[in-house]
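To keep things clear, I will list the structure first and then write my remarks on it.
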Amino acid sequence: MKLHRFIINAALSSSIRIRDKELANQVGSVLRLKVGDRLIVCDGSMHEAEAIITSISKELVELSLGEIRRNIAEPDRKVILYLSILKGEHFEMAVEKATEAGVSEIIPIIADRTVKQGLREERIQKILKEAAEQSGRGRIPQLHEPQSFSDAVSHAELANSTNFFFHETGEPISMLHSVIGPTDSIGVFVGPEGGWNGPELVFIEKKIMEGKNIKVVTLGKRILRAETAAIIATYDTVNL
């Protein structure tokens, strides 16, 4: 039987006491786990262990831990998703699925065609945590503050060995397997509803002519919704 996983962002030892009302409610009331039941706890820094519940109350969970081991589900390649803020719940769905696909960091972008500019950060942090737990990951992706398009590009130039800028005019991403290494840091840029505008494309073309580490790539001939493109682009880049 699959054991429930909890990322607790605390050091692991042979026995731990977690004073967290929300976690206690999730364990005891929602999942209806009880003393003697097993679960998996992760410290958020790649270490995890199978644990037995020894005590549970409304605000406190006490656990006895088995062997502490290193998580093996995290991808070796670091992928940073530079995603334009999307309308409605589309951004939230995109970051949830990108987390399951293995994204390391998420930088929201305010592009020229961005309609919605605010984010419900607390809600998104919860989504990231739950998606990381569900998919068996060893850490929660880092969510950055929203950035302008030009600031995001400047960040990517310094942070990553290569940056994939997704646009229908690019070359297929499947052709770029040989240009990146298994442990490289890769940036993934996905535009807003309606796509990148003319000046943004010109800006990227100028960067490429200057020899910057940016490649224009495509996911194929079909037109995808922005949230769909973000999910597939992240997955493909993690697994190239």
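Under this note's numbering, the first residue of the sequence shown is numbered 829, with each subsequent residue one higher.
Glycine included, each C-beta is placed from N, C-alpha and C at the ideal position.
Along the length of the segment 968-994, whole alpha helix (DSSP H) runs at least 4 residues long occupy 977-987, reported in chain order. Looking at S1002, L986, I1014 and D940, the one whose alpha-carbon comes closest to that of E1028 is D940. By the Cβ test, the segment 949-957 is not in contact with the segment 874-888, since fewer than three Cβ pairs between them sit closer than 8 angstroms. Each residue's CA atom was taken as its position, placing T997 and K1043 some 11 angstroms apart. Distance between L1047 and F994, taken at the CA atoms: about 8 angstroms. Counting along the chain, K1040 sits inside no alpha helix (DSSP H), nor does DSSP assign it H or E at all. Put simply, of Y1063, M1037 and Q970 the residue whose alpha carbon is nearest the alpha carbon of I1001 is Y1063. About 6 angstroms separates the CB atoms of G964 and R833; that is less than 8 angstroms, so the two are in contact. Non-local C-beta neighbours of E999 in its own chain, meaning closer than 8 angstroms and more than five positions away in sequence, comprise K1043, V1044, V1045 and T1046, ordered along the chain. Considering only I868, S1006, G966 and L891, the residue with the shortest C-alpha distance to R898 is G966.
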